[in-house]
Amino acid sequence: MGTELYRACGLPVPPWRTLYISRDFIDQSPDCWMTGMDQQAGLIRPSVGLCFASRFLNGRDARLVDIVPGVAYSRVRKSQNFWTAWLIDACSLHSDARQMIFHKRVDGRYDATFIDHGNMFGGPDGRDTVPVAKSWRRPRNRL
Amino acid sequence: MDEGGQLSFFVDPNWQSIVPKEDVQEIGLLLEDFAENARSNADALFKRICTLNFGYLVTVKVETRSGDPSAAVVLYPHFVPL
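Here is the structure:
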């Protein structure tokens, strides 16, 4: 839902589909098991059923990075998208830091694609009320 | 990060000769950001750098050790504080 909201507002997001994940697939694909924030707790087994499947963003013609220095935000193209994203996150009670993937172009500038909307609308259980502005401190200071 | 929430960074003093030449500037700027944000927003920074998947810096392993946070210096004795 968050991805579609972003897309409807004209922001770049990866294409996605719903995908059925079977028990056999999960058992035979240990690479899809995830590590949670508590890495000591071991891998998390995905649930059987329909899931959100986001297209993998490859780097054939551009390098991908998931964090850039604060001063590099001035080299992000269409940086006004950050303000749109900030407004959406504020209105939707996004309770996690906004995540982006940056494509570094040959001219040294970046394109930002917005990912991971799993904590919008108050987080996974809908009860989080962390002020979204806290998550946006760095971009806001640099724009 | 110690139990009091103080975040410290230790780096290889020769890191500039280890990373690709074209990345030296961006990584240097990131390290400056880390040092600055460690003072003002340590919790968020620590959470973020535990999940770096690709790009200039990648998180290879996250490990928790109780006790003296400077134990990292024992593991990597030639590292210096950032």
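If you read the protein sequences in the order shown, they are chains A and B.
Per my numbering: the first sequence ends with 145, consecutive numbering throughout.
Per my numbering: the second sequence ends with 1465, consecutive numbering throughout.
Using N, Cα and C, we set each Cβ at its ideal position, and we do this for glycine too.
For clarity, every value in this text was computed on a predicted model and none was experimentally measured.
- In the structure shown, the three-state DSSP call for Pro71/A is coil.
- Contact of Asp1426/B with chain A is not assigned, every C-beta pair being separated by 8 Å or more.
- In the DSSP annotation of this structure, the continuous segment of the alpha helix (DSSP H) that includes Gly1411/B starts and ends at 1407-1423.
- For Leu1412/B, the closest Cβ of chain A is nearer than 8 Å.
- Taking one beta carbon from each stretch, the region 1407-1422 of chain B and the region 63-80 of chain A have 3 or more pairs nearer than 8 Å; the two touch.
- Under the Cβ distance rule, Arg1422/B does not count among the residues neighbouring chain A, no pair being separated by less than 8 Å.
- Assignment of beta-bridge partners to Gly51/A by DSSP yields Ile23/A.
- In the DSSP assignment, Thr5/A falls within the unbroken alpha helix (DSSP H) covering 4-10.
- Annotated three-state conformation of Ala99/A is coil, per DSSP.
- Residue-level contact by beta carbon fails for Pro16/A and chain B, as no gap is shorter than 8 Å.
- Phe116/A: member of the beta strand (DSSP E) spanning 112-117, first to last residue.
- Assigned with DSSP and collapsed to three states, Ser56/A falls in strand.
- One alpha carbon belongs to Gln101/A, the other to Gly120/A, and they sit about 11 Å apart.
- DSSP places Ala92/A in the uninterrupted alpha helix (DSSP H) bounded by 82-93.
- Excluding sequence positions up to five before and after Arg47/A, its CB lies within less than 8 Å of the CB of Ile28, Trp35, all in the same chain and listed in chain order.
- Closest by C-alpha distance to Asp127/A, out of Gly12/A, Thr115/A, Ser97/A, is Ser97/A.
- Listed by position along chain A, the residues whose Cβ is nearer than 9 Å to that of Arg1448/B form an empty set, because the closest Cβ is around 11 Å away.
- For Trp35/A, there is no enclosing alpha helix (DSSP H), since its DSSP letter is neither H nor E.
- Distance check between Glu1405/B and each of Leu45/A, Thr115/A, Gln82/A, Arg65/A places Arg65/A closest, using alpha-carbon atoms only.
- Of all residues in the region 68-86 of chain A, those with a C-beta nearer than 9 Å to a C-beta of chain B are Asp68, Ile69, Val70, Pro71, Gly72, Val73, Ala74, reading in chain order.
- Counting the other Cβ atoms within 10 Å of the Cβ of Asp33/A gives fewer than 16, which makes it exposed.
- With a threshold of 8 Å between beta carbons, Leu66/A makes contact with chain B.
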